[in-house]
Each structure stands twice: as C-alpha cells, then as structure tokens.
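Reading through the structure tokens given below for one structure.
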Amino acid sequence: MESLEEEPKTPSAVVFHYVISQCFAEVTNSNRTSVDPPTLIPCDDAMDAAWWTIMDVKEGVKKGLVSEGCDVVVDRAERLYNSDFFT
Numbered sequence: 002m003e004s005l006e007e008e009p010k011t012p013s014a015v016v017f018h019y020v021i022s023q024c025f026a027e028v029t030n031s032n033r034t035s036v037d038p039p040t041l042i043p044c045d046d047a048m049d050a051a052w053w054t055i056m057d058v059k060e061g062v063k064k065g066l067v068s069e070g071c072d073v074v075v076d077r078a079e080r081l082y083n084s085d086f087f088t
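Read in order, the letters of the sequence shown correspond to residues 2 to 88 in my numbering.
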C-alpha cells in the first residue's frame with residue numbers, strides 16, 4: 002500500500018508519503034510455551050506495527066483502516082502456504 006497525503010488547503014503540497022508492505026509469517030519456534038505471537042518491537046518509524054490475524058485484516062478493511070484488497074492478498078498467501086507452494 003502506498004499513500005501520498007496532501008495539505009488540505011494546498012492540494013499540490015505533499016505533507017507525508019508512506020509505503021506499507023504486507024507480509025505473511027508463521028511462528029514456528031517449538032520452544033514457545035505461549036500461543037501468543039512474539040513481542041513485536043518496532044522502530045520509531047513504525048510505532049503502530051502489530052501482528053494481525055486474517056480476521057483483524059478483514060475487519061480493518063470493513064472499517065476503512067486497511068487498504069481494500071489487502072485481505073484478498075493475505076487469504077491467497079495463506080492458501081498458497083497451506084498448499085506447500087512456499088516450500
């Protein structure tokens with residue numbers, strides 16, 4: 002996802018620009034005793050970084066918090082993963 006945010010009073014003035022990449026991950030450490038995902042420690046440029054389930058992504062799309070189609074990408078990645086496409 003990419004976004005260019007413009008100054009409302011001056012549409013040609015870009016206030017900020019960001020790119021968010023989607024990734025697919027599986028926790029595989031057999032030494033873990035918790036079902037919770039590992040602690041995510043973002044740097045100052047990604048303070049809102051978080052682990053999301055597919056249901057979180059779908060809910061985010063419905064609420065307009067996640068780009069439309071992101072849930073489709075994650076669903077497809079999960080189907081490909083479950084079909085051993087990535088091994």
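Cβ coordinates follow ideal geometry from the N, Cα and C atoms, glycine included. In this text the structure is predicted, and so the values were computed from the model without any measurement.
Practice item. Would you mind sorting D72 into buried or exposed? The rule is 16 or more other CB atoms within 10 Å of its CB. Key: Against the sequence shown, residue 72 aligns to sequence position 71. Classification of D72: buried, given that the 10 Å Cβ count is 16 or more.
Exercise for review: Rounded to whole angstroms, what's the CA-CA distance from G61 to W53? Just pull it up for me.
Suggested key: For this step, residue 61 is matched to residue 60 along the sequence shown. For this step, residue 53 is matched to residue 52 along the sequence shown. Their Cα atoms are separated by approximately 10 angstroms.
Check your understanding: Can you give the Cα-Cα distance for T29 and A47, rounded to whole angstroms?
Key -> Here residue 29 refers to the residue found at position 28 of the sequence shown. Here residue 47 refers to the residue found at position 46 of the sequence shown. If you take the alpha carbons of T29 and A47, they lie about 24 angstroms apart.
**Study point:** Spatial distance of E27 from S68 (CA atoms)
**Key:** Translated into the one-based positions of the sequence shown, residue 27 becomes position 26. Translated into the one-based positions of the sequence shown, residue 68 becomes position 67. Their Cα atoms are separated by approximately 22 angstroms.
Check your understanding: Would you say P39 touches the ligand MG, meaning its beta carbon is less than 7 angstroms from a heavy atom?
Key -> This structure simply doesn't include the ligand MG, nor any ligand for that matter.
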